[in-house]
Structures are given as C-alpha cells and as structure tokens.
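Single-structure report; data block below.
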Amino acid sequence: MTDLSTERLASALGTRRHEFYAEITSTNDRAQVLLNENAPNGTVIIADSQTRGRGRLGRVWLSPAGSSLMLSYLLRPPVTSIGHVGMIGALAVAETLDAMGIKEVGIKWPNDVQIGKRKVCGVLPEVVWQGDQLIGVILGIGINVRVDFTTSALAETAISLSNVIPQVDRLDLLLQLLHKLDIWSAAAGSTDVFAAWHSRLNMLNAPVNVVSITANTQEMLSGVAQEVTPEGALMIRTPDGGVHRVIAGDIALG
Ligand code: BT5
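The C-terminal residue of the sequence shown carries number 753 in the numbering used here, and the numbering is unbroken.
Right under this line is the structure:
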C-alpha cells in the first residue's frame, strides 16, 4: 500500500479543500489556478511526482516518485506580511521534524530546512498579483522523505528523513505539517513569526560565502553572517569591516 493515495487523503483531510496528483508538472502551477479560482486559504495540492518541480530562480527540485512529500499551500496574508510566508513554511517544517524527535533541525537562510548541515526541505513562496492587487501566496514545500541521494550530485548536501528515522508515513507527516501551517499562517504579520523563525537560524555568526543576487547582478561576498533583519535580509560583515545587506541569494558555509 502506498502511503499517499486519493482515498487516504480524502478520509484524513475531511472538509479541507485538497487535490492529489500521482504526477503533475509542479504543485505550484496548479495552486496558481486554484488561487485565481478563489479556493479557500489552507487549500493544499499534493503530488507524488513532479515533472517540472522547481526551486527558486528557476532551479530544479529533485524528487523521484514516491520519495518525497511535495505540496503547495494557499494563503492570503495581508500585503504587508507576504515576506512572512517563506518563514512560515520553514518554521512549520522545522517544528514538525522536531516533534518527530529528529535532532539538529535548523533553518539556513533564506529558507532551507536542514538536519545537521544538510538540506532536507526546500520552500518556494510565489506571490500572485492581478495588476497591483494581491491575489494570494502559494507556499510550495518539498521534504525529502526517502530520496536516495547516494549516487546523486547532491550526495554531500542533501539528506532524507529515512537517513535519521526508521519509517515515515507521508500522510502522518502531512497532517502534522498542515496543523503547523494553519497555526502559523493565522499569525502572519505578527512579530511572533519572525521571532520563532529567527530562533531556529543555524548560520548566524558563522563564516559564509554568499552569492547576492539582484535583477541584473550576481556578487560574491565572503564574511560572517551577522544578522537577518525582520524583512528577511541577510547582513554580512566582510573582513574590511563593511556590512552588506543581501536581499536574495544563497549561502555556503565558508
Ligand atoms: C528550494 O529552492 O529549495 C525550493 C524547493 C521547493 C520544492 C517544492 S516541491 C512542491 C512545490 N512545487 C514545486 O515545483 N516546487 C515546490 P532553492 O533554494 O532554489 O534550492 C534548489 C537547489 O537545491 C537546487 O539547485 C539543488 O542544488 C538543491 N536540490 C534540488 N533538489 C533537492 C532535494 N530534493 N534535496 C536537497 N537539495 C535539493
């Protein structure tokens, strides 16, 4: 028996609006359609496999069929709180993994959830506008449940839950995660979101190499990850004493 199926999901999710796909391009694509069709907050789209699963900046998300929990969750936060959505995703996942007894769970800026220093989950918030009107935000989440990375290029940087705990039922994982997402999305805009997210950052005060990415430029910076601001900007202190504000990018530990 597979741990994710239309029948199991229907009986566990009850009245929550949801869709399950054995295969889809990307759950975020389908979420966009449902958001535009006025689907309620908390609607969730789940897939067993994605043919065009994506990360930030057009990158590819690796997720062989049957191996991951992949979902998109719909929210309509106040426009001033859309920056909280990625934080909510990472925070909800980190709390869920903690509650499963997994050790060394932390968040690496901007929103990777790690076990030790390896990525177990990626978060992809996508904001949907109609003109200058906010329609809502799609929170895409991919968790490696039993992906075998041994022969992959990600062998050194990625990890699955199956590497640290014996067995995971993806439906149980989903239910626990949705519970956390419901709680934290209701708190979007409150200072509690940033405080809880910030307390789980695992790279503050560490030496890092950062690629700072803007619309037209990419800049490499090496220094210490000094702070992350409530707006989510990473502050890097370089050896010359300068402090640089990084809005979007990636970090590798230096
Ligand atoms: C992310 O992007 O980490 C966001 C990933 C979001 C995936 C979910 S799945 C459900 C929903 N539907 C979608 O289409 N996407 C979302 P980013 O920070 O850009 O990280 C991408 C990078 O992580 C890649 O370039 C690889 O280096 C690495 N990577 C790819 N697959 C991975 C995996 N399964 N585990 C760990 N690292 C991975």
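For each residue, glycine too, the CB sits at the ideal point set by N, CA and C.
heavy atom of ligand 1 below 8 Å from residue i C-beta
i	result
glutamine 549	yes
arginine 645	no
isoleucine 640	yes
leucine 623	yes
methionine 569	yes
alanine 511	no
tryptophan 628	no
lysine 602	no
serine 525	yes
aspartate 739	no
arginine 669	no
lysine 618	yes
valine 559	yes
alanine 687	no
serine 442	For the chain, the structure presents residues 500 to 753; residue 442 sits outside this window and is missing.
arginine 516	no
leucine 574	no
leucine 672	no
asparagine 610	yes
threonine 656	yes
leucine 556	yes
In DSSP terms, what residue i is bridged to
i	result
asparagine 708	Ser721 and Ala751
aspartate 458	Missing from the structure shown is residue 458; the chain here goes from 500 to 753 and no further.
isoleucine 523	Gln549
glutamate 625	Ile637
serine 567	Asn643
lysine 618	Gln613 and Ala657
valine 559	Arg553
leucine 700	Ile606
leucine 573	Ile637
glutamate 452	Since the first residue shown for the chain is 500 and the last is 753, residue 452 is missing from the structure and cannot be characterised.
glutamine 666	Paired residues: none, contrary to the question.
Range of the contiguous alpha helix (DSSP H) that encloses residue i
i	result
asparagine 535	526-535
valine 692	690-697
arginine 669	669-685
Among the options, the one whose alpha carbon lies nearest that of residue i
i	options	result
tryptophan 696	Leu720, Ala705, Glu726 and Leu533	Glu726
serine 684	Arg699, Ala657, Ile581 and Leu703	Ile581
isoleucine 634	Val707, Arg553, Gln531 and Met586	Gln531
leucine 574	Asn527, Leu568 and Leu561	Asn527
glycine 639	Thr542, Val723 and Gly748	Thr542
glutamate 522	Thr505, Trp608, Leu534 and Ser510	Thr505
serine 661	Arg669, Leu670 and Arg645	Arg645
leucine 596	Glu730, Leu703, Leu672 and Asn704	Leu672
serine 525	Ala593, Glu625, Ala724 and Val742	Glu625
asparagine 643	Val636, Val627, Asp668 and Ala705	Asp668
lysine 618	Gly748, Ala657 and Gly741	Ala657
leucine 653	Trp560, Thr550, Asn535 and Ala546	Trp560
histidine 678	Gly588, Pro563 and Arg507	Gly588
valine 584	Asn704, Gly741 and Glu730	Glu730
methionine 702	Gly552, Glu603 and Ala511	Glu603
glycine 565	Val592, Ala593 and Tyr520	Tyr520
leucine 767	Val578, Val627, Ala546 and Val612	The displayed coordinates of the chain run from 500 to 753. Any statement about residue 767 would go beyond what the structure contains.
tryptophan 628	Phe648, Pro576 and Leu676	Pro576
leucine 676	Cys620, Ala694, Gly722 and Asn704	Cys620
Cβ-heavy atom distance, residue i to ligand 3, below 8 Å
i	result
threonine 542	Judged by which ligands are present, ligand 3 is missing from the structure shown, whose ligands are ligand 1.
Limits of the unbroken beta strand (DSSP E) element including residue i
i	result
methionine 734	733-736
isoleucine 544	543-546
aspartate 597	Counting along the chain, aspartate 597 falls outside any beta strand (DSSP E), though it belongs to the alpha helix (DSSP H) covering 583-598.
aspartate 611	611-614
isoleucine 606	604-607
valine 757	The question about residue 757 has no answer, for the chain in this structure spans 500 to 753.
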